[in-house]
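S.K.:
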Amino acid sequence: MEIGGSDSDGREFKSADEMWREQAGDPDKKTQWYRHGVGYWEGVEASVDGVLGGYANVNEPDINDSEAFLKMVLSERFPNGVNDQPLVALDCGSGIGRVTKNLLIQYFNEVDLLEPVSHFLEAARETLAPGSHLHSDMHKAVNFYCVPLQDFTPDTQRYDVIWVQWCIGHLTDDDFVSFFRRAKVGLKPGGLFVVKENIARNGFVLDNEDRSITRSDLYFKELFGRCGLHIYKTKDQKGFPQELFAVKMYALTTEVPKKVHRTRSKVRANRPRIIK
Ligand SMILES: C[S@@+](CC[C@H](N)C(=O)[O-])C[C@H]1O[C@@H](n2cnc3c(N)ncnc32)[C@H](O)[C@@H]1O
């Protein structure tokens, strides 16, 4: 990728390729990259404050905007329900299950969680266990996978939605692309990915502490293209503290979204035209 960027210590990179060569350019470096990433989270307390980097106060606006986005996407994609089939979601890089318990479990009959850090996943398992108010015959967490995204392939056509929030920055570009390409088999017909991530103003920002990168919107779009994914809807997160990165939600489909056809006269009326 020809996009330039910087790291959290202010160092500049001419291109993402230069940064990736340095950080994960051979098998040993790549192993170290992922070891550092997971190692960072292994030292973090299993709490909302922990998984949100000390910003527990963003939990509420985050969930509210995610809920509005999810409701809109579900009502458009599945206007007549899904013919008695259970709705199933996968929560990727789920941490302690914050997104599942505050959102996904209410809208899906089954939710699977994937998280490489075992003390986070165990905390999620406890909160979502049979007997808790978050577990019923109609809405329950089913599978808890303790693996990283770069090593995961979902079961064929299990999911209506694969939710990827605040974790894809841990993946190198190549693993990002191969994850989404593999994960497409896990979507039911009409299913989609939701990616909710921090957005860099330009290029990328490498975080030297937790070994993750924050990509720009352009960077994400370039990678989605390489994955063969199409943007169905996007929305900006609102109401976060000023000092934080902007956050965007992307709903992504494997098929090209249908265009809304406008009448010719309306299109013409609404755009600048040369006076003849
Ligand atoms: C900022 S927390 C977000 C957790 C959760 N998505 C949320 O929004 O509450 C980042 C999570 O990504 C996980 N993670 C780190 N490396 C990962 C990888 N290679 N694959 C999947 N998840 C990873 C961390 O263990 C951590 O739980």
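Here the sequence shown stands for residues 3 to 278, numbered as in this note's numbering. Glycine included, every Cβ here is placed at the ideal spot set by N, Cα and C. If you're wondering where the values come from, they're calculated on a predicted model, not measured in any experiment.
1) When you compare the CB positions of Ala-143 and Ile-98, do they come within less than 8 Å of one another, or not?
2) Using 8 Å as the threshold, is the segment 224-240 in touch with the segment 58-72, meaning 3 or more CB pairs across them?
3) Let's see if you can read the secondary structure: which residues bound the beta strand (DSSP E) around Arg-217?
4) Would you say Glu-117 touches ligand 1, meaning its beta carbon is less than 7 Å from a heavy atom?
5) Please check if any C-beta of chain C sits within less than 8 Å of the C-beta of Tyr-161.
6) Output the boundary residues of the alpha helix (DSSP H) element that contains Asn-61.
7) Considering Cα atoms alone, identify which of Ser-8, Ile-5, Leu-54 is closest to Pro-243.
8) Under 8 Å, do Val-207 and Asp-51 count as touching if we go by C-beta distance?
9) Of the residues Leu-151, Val-179, Gly-188, Val-258, which one's Cα is nearest the Cα of Trp-168?
10) Pick out whichever of Phe-15, Thr-102, His-137 has its Cα sitting closest to the Cα of Asp-64.
11) For Glu-44, which of Val-119, Arg-213, Asp-219 has the nearest alpha-carbon?
12) Secondary structure at Val-46, three-state DSSP: helix, strand or coil?
13) Evaluate contact between the segment 185-203 and the segment 67-75, counting only Cβ atoms and requiring at least three cross-stretch pairs below 8 Å.
14) Met-21 lies in the alpha helix (DSSP H); which residues open and close that run?
15) Could you please give me the residues that DSSP links to Phe-110 through a beta bridge?
16) Using 7 Å as the cut-off, classify the Cβ of Val-197 as near or not near the heavy atoms of ligand 2, replying yes or no.
17) In the structure shown, what three-state DSSP assignment does Cys-94 receive?
18) Count the other CB atoms within 10 Å of the CB of Arg-160; is the residue buried (16 or more) or exposed (fewer)?
M.R.: Reading from the atomic positions:
1) Contact flag unset, no.
2) Yes, the segment 224-240 is in contact with the segment 58-72.
3) 214-217 is the span of the beta strand (DSSP E), which, as asked, contains Arg-217.
4) Glu-117: yes, Cβ under 7 Å from ligand 1.
5) Absent here is chain C; the protein component of the structure consists of one chain.
6) Taken as a continuous stretch (DSSP letters only), the alpha helix (DSSP H) holding Asn-61 covers 61-79.
7) Considering only alpha carbons, the answer is Leu-54.
8) Cβ atoms of Val-207 and Asp-51: not closer than 8 Å.
9) For Trp-168, the closest of Leu-151, Val-179, Gly-188, Val-258 by C-alpha to C-alpha distance is Leu-151.
10) Of Phe-15, Thr-102, His-137, the residue nearest in Cα terms is Thr-102.
11) Distance check between Glu-44 and each of Val-119, Arg-213, Asp-219 places Val-119 closest, using alpha-carbon atoms only.
12) DSSP places Val-46 in the coil class of the three-state scheme, outside both helix and strand.
13) Taking a cut-off of 8 Å on C-beta distances, the segment 185-203 touches the segment 67-75, as three or more cross pairs fall below it.
14) Where Met-21 is concerned, the enclosing alpha helix (DSSP H) stretches over 18-26.
15) None; Phe-110 has no bridge partner.
16) With respect to ligand 2, the structure shown offers nothing to examine, as its ligands consist of ligand 1.
17) Strand, per DSSP.
18) Around the beta carbon of Arg-160, 16 or more other beta carbons sit within 10 angstroms, so the residue counts as buried.
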